[in-house]
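Protein chains in written order, with the numbering used here: chain A, 2 to 256; chain B, 253 to 488. Notes follow the structure.
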Amino acid sequence: MSFFKVEQLGIRFGGVVAVNDVSFEVNRGEVFTIIGPNGAGKTTIFNLVGLIYPPTSGRIEFEGRELTGMAPHRVAEFGIARTFQNIELFEHASVLQNLLIGRHRHRATSLWQELLFLPSVRRREIEAREAVEKVIDFLELAKYRDSLVAGLPYGVRKVVELGRALATEPKLLLLDEPSSGLNPEETDDMAFWIEDIKKLLGITVLMVEHDMNLVSRVSDRVLALNMGEVIAEGTAAEVQSHPAVIEAYLGGAVK
Amino acid sequence: MGLPYWAMILFAIASMAIVGMVAERIVLRPVLGYPAFTVVMITIGLGYVLRGVVTMVPGWGTETYALRTPFSEGILKLGDVVLAVQQLAVIGMTALLCFVLYLFFRFSRIGIAMQATSQNQLAAYYMGIPVRRVNMMIWGLSAAVAAFAGILLAPVTFVHSNMGFIGLKAFPAAVVGGFGSVPGSIVGGLIIGLVEALAGFYLPEGFKDVAAYVVVLVVLLVWPSGIFGETVRKKV
């Protein structure tokens with residue numbers, strides 16, 4: 002049984018075929034990266050995997066269970082978390098509160114228990130706070146713990162979003178362009194964290210990324226897309242030197 | 253309907269909660285994801301339609317009805333001050349409602365999920381929050397709160413099909429207090445109420461009606477996001 006599998010996935014928007022017949026498998030514990038020029042369908046694949054779009058064809062399987070056709074809020078329940086290219090945080094809440102909402106699916110107390118603040122609720126609250134503090138330590142967010150997200154610089158918000166995804170305790174982490182908008186130093190930190198997420202936390206990572214330095218540094222396997230179709234798959238070096246990939250990025254050879 | 257007062261209250265609140273959820277399902281879900289202004293316009297429109305329908309129901313029409321409550325008669329004397337028990341009951345119940353709502357949004361899992369959903373629906377989905385169901389509950393809750401407010405208001409203003417227009421007064425209160433802040437709306441409401449009452453007493457005829465809006469204007473000039481509104485500065 003494969004850990005995460007996408008089979009012949011396709012979606013059409015009207016007459017536009019955004020993703021066509023894409024299949025790939027992600028193994029437990031690896032970093033799998035999808036690359037491709039603008040408009041290749043990378044983020045669309047993420048939205049399909051995140052169940053925001055229903056696919057026109059194909060299926061998605063996670064740990065042997067089919068995901069296709071489920072309501073999007075159930076993705077978290079399966080142990081899948083994601084970040085967004087353009088950051089989707091709870092802007093009017095503090096960093097700590099954002100991470101605590103990440104614990105939502107791990108709480109199973111009723112309204113009455115909560116309003117009376119019974120011992121079971123207290124226990125859950127302590128558990129949630131301990132888990133969140135671990136994430137804060139891991140990503141070095143202590144300085145910003147109580148700051149309002151809306152006032153934080155872009156680079157920090159990117160890390161907060163990663164932290165919120167980690168607070169859900171995922172088995173599979175989807176990162177949509179983790180380095181976009183970051184300066185070289187922040188990108189370097191991001192690469193360290195992705196490596197640590199894989200090695201120390203044992204979380205499998207599926208990411209979409211443009212920065213080829215970051216891609217070659219952290220990826221175990223790379224999939225290249227162009228015009229919604231798979232053009233190459235292999236290690237970062239193999240994919241980068243693949244003729245179809247070079248053609249997709251730079252155009253055909255001059256004749 | 254011959255039910256006792258307290259049973260009637262529960263019945264009215266519960267049935268309005270259902271009305272709220274049905275309205276969400278039929279009228280508001282199709283515009284899920286559109287700007288908040290769309291929702292505001294749709295609910296104003298829905299309000300007009302329902303008001304029109306109610307006035308066409310034979311036996312209800314445009315008549316004004318009085319609502320008798322267990323508190324209707326009593327008065328309370330504190331030295332020289334004479335207070336109607338009725339008014340005190342309304343104030344007490346309002347305070348209780350605010351306190352319960354505060355606890356609900358601050359401490360309950362579903363209340364926090366409601367806040368998360370209102371701030372970012374996409375992110376809420378990936379936290380495992382069932383956004384559609386939560387939205388439906390939000391509308392159910394707000395309709396129930398509106399029903400409770402109507403019950404508190406009824407003995408003071410009588411019951412008629414246009415009593416909902418007092419809601420327009422809530423708008424200045426929310427602006428003054430700061431949108432999205434529960435303590436803000438209480439303080440805003442008190443300020444607007446006091447200013448109106450005092451303007452009616454001390455200022456010439458007519459000032460009572462504009463006083464609230466003058467306050468709104470001043471507050472917007474000094475604290476653009478309201479007294480309790482959070483100030484968000486964008487960093488460039």
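C-beta atoms are modelled at their ideal positions from N, C-alpha and C, and glycine is treated no differently.
State the Cα-Cα distance for the pair residue 109 of chain A and residue 161 of chain A, rounded to the nearest angstrom.
Between the alpha carbons of residue 109 of chain A and residue 161 of chain A lies a gap of roughly 25 Å.
Can you give me, in chain order, the residues of the segment 107–138 of chain A that have a beta carbon less than 8 Å from any beta carbon in chain B?
Residues passing the 8 Å Cβ filter: 108, 110, 112, 115, 116, 118.
Proximity below 8 Å, CB of residue 5 of chain A to CB of residue 220 of chain A
Residue 220 of chain A is positioned such that its CB atom lies no closer than 8 Å to that of residue 5 of chain A.
Uninterrupted beta strand (DSSP E) stretches inside the segment 26–90 of chain A (no shorter than 3 residues)
Segments of the beta strand (DSSP E) lying fully in the segment 26–90 of chain A: 32–36, 58–63, 81–83.
Am I right that residue 264 of chain B and residue 403 of chain B are in contact with their C-beta atoms under 8 Å? What's the rounded C-beta distance?
That belief holds up - the Cβ atoms of residue 264 of chain B and residue 403 of chain B are roughly 6 Å apart, short of 8 Å.
Is there at least one Cβ from chain A nearer than 8 Å to residue 387 of chain B's Cβ?
At a cut-off of 8 Å, the C-beta of residue 387 of chain B has no neighbouring C-beta in chain A.
So, under 8 Å CB-CB, residue 169 of chain A and residue 103 of chain A are touching, yes? Tell me the CB distance rounded to an integer number of Å.
Yes, residue 169 of chain A and residue 103 of chain A are in contact; Cβ-Cβ is about 5 Å, under 8 Å.
What residues match up with residue 1 of chain A in a beta bridge as DSSP calls it?
Lying outside 2 to 256, the shown extent of chain A, residue 1 of chain A is not represented and no answer is given.
Using C-beta distances below 8 Å, list every residue in its chain close to residue 23 of chain A, excluding the 5 sequence neighbours before and after it, in chain order.
Within the same chain, residue 23 of chain A has close Cβ partners 7, 9, 10, 11, 42, 46, 59, 226, 229, 230, 231.
Between which two residues does the beta strand (DSSP E) containing residue 228 of chain A stretch?
Residue 228 of chain A -> no beta strand (DSSP E), and no H or E assigned at all.
Please report how far the alpha carbon of residue 407 of chain B lies from the alpha carbon of residue 328 of chain B, in whole angstroms.
One C-alpha to the other measures close to 17 Å.
Under 7 Å by beta carbon: chain B residues contacting residue 91 of chain A
Taking a Cβ-Cβ cut-off of 7 Å, the neighbours of residue 91 of chain A in chain B comprise 368, 371, 372, 375, given in sequence order.
Roughly how many angstroms separate the alpha carbons of residue 320 of chain B and residue 409 of chain B, rounded to a whole number?
So the two alpha carbons sit approximately 12 Å from each other.
Could you name each continuous alpha helix (DSSP H) segment of 4 residues or more that falls completely within the segment 128–216 of chain A, going from the start of the chain to the end?
Here the runs fully enclosed are 155–168, 185–200.
Show which residues of chain A have a CB atom less than 7 Å away from the CB atom of residue 501 of chain B.
Coverage of chain B is limited to positions 253 through 488, which leaves residue 501 of chain B absent and any answer about it impossible.
Tell me whether the beta-carbon of residue 152 of chain A lies closer than 8 Å to the beta-carbon of residue 184 of chain A.
For residue 152 of chain A and residue 184 of chain A, no; Cβs fall outside 8 Å.
With 8 Å set as the bound, which would you pick, yes or no: does the beta-carbon of residue 73 of chain A sit closer than that to a beta-carbon of chain B?
Using a CB distance cut-off of 8 Å, residue 73 of chain A counts as an interface residue toward chain B.
What are the start and end residues of the alpha helix (DSSP H) that includes residue 418 of chain B?
No alpha helix (DSSP H) contains residue 418 of chain B, which DSSP labels as neither H nor E.
Return yes when the Cβ of residue 236 of chain A is within less than 8 Å of the Cβ of residue 246 of chain A, no when it is not.
Not closer than 8 Å, so no.
Contact set for residue 198 of chain A: own chain, Cβ-Cβ below 8 Å, skip 5 residues either direction:
The beta carbon of residue 198 of chain A sits closer than 8 Å to those of 167, 174, 204, 206, all from its chain and outside the five residues before and after it, given in chain order.
Proximal residues of chain A, C-beta to C-beta of residue 283 of chain B below 8 Å:
Simply none; closest approach about 18 Å.
Which residues in chain B sit within 9 Å of residue 169 of chain A, going by Cβ to Cβ distance?
Within chain B, the residues near residue 169 of chain A are 378, 379, 380.
Three-state secondary structure assigned by DSSP to residue 303 of chain B
Under the three-state reduction of DSSP, residue 303 of chain B is assigned to helix.
How many angstroms separate the CA atom of residue 262 of chain B from the CA atom of residue 367 of chain B?
The C-alpha of residue 367 of chain B is placed about 26 Å away from the C-alpha of residue 262 of chain B.
CB contact flag (residue 86 of chain A, residue 44 of chain A, <8 Å):
A contact, by the Cβ cut-off of 8 Å.
Can you tell me the Cα-Cα spacing of residue 202 of chain A and residue 430 of chain B, whole angstroms?
Going from the Cα of residue 202 of chain A to the Cα of residue 430 of chain B covers about 42 Å.
How would you list, in chain order, the residues of chain A whose beta-carbon sits under 9 Å from the beta-carbon of residue 365 of chain B?
Within chain A, the residues near residue 365 of chain B are 102, 105.
Output needed for residue 145 of chain A: all residues of its chain with C-beta closer than 8 Å, excluding positions within five of it in sequence on either side, in chain order.
Cβ within range, chain order: 96, 153, 157, 161.
Leaving out the 5 sequence neighbours to the left and right, which residues in its chain are closer than 8 Å to residue 381 of chain B when beta-carbon positions are compared?
Within the same chain, and ignoring the five residues on either side of residue 381 of chain B in sequence, the residues whose Cβ sits closer than 8 Å to its Cβ are 365, 368, 369.
Bridge partners of residue 333 of chain B, per DSSP?
Under DSSP, residue 333 of chain B takes part in a beta bridge, and its partners are B:330.
Kindly indicate which residue of A:190, A:121, A:179, A:123 has the alpha-carbon position closest to the one of residue 141 of chain A.
The residue among A:190, A:121, A:179, A:123 with its C-alpha nearest the C-alpha of residue 141 of chain A is A:190.
Closest Cβ-Cβ distance between residue 361 of chain B and chain A: below 8 Å?
Chain A contact via Cβ: present.
Candidates B:373, B:347, B:322: which alpha carbon is nearest residue 74 of chain A's?
If we check each option's Cα against that of residue 74 of chain A, B:373 comes out closest.
Could you compute how far the alpha carbon of residue 19 of chain A sits from the alpha carbon of residue 13 of chain A?
Their backbone Cα atoms lie some 6 Å apart in a straight line.
Would you identify the three-state DSSP class for residue 479 of chain B, choosing helix, strand or coil?
The answer is coil: DSSP assigns residue 479 of chain B none of H, G, I, E or B.
Look up residue 357 of chain B in the DSSP assignment and give the residues it is bridged to.
Its beta-bridge partners do not exist; DSSP assigns none.
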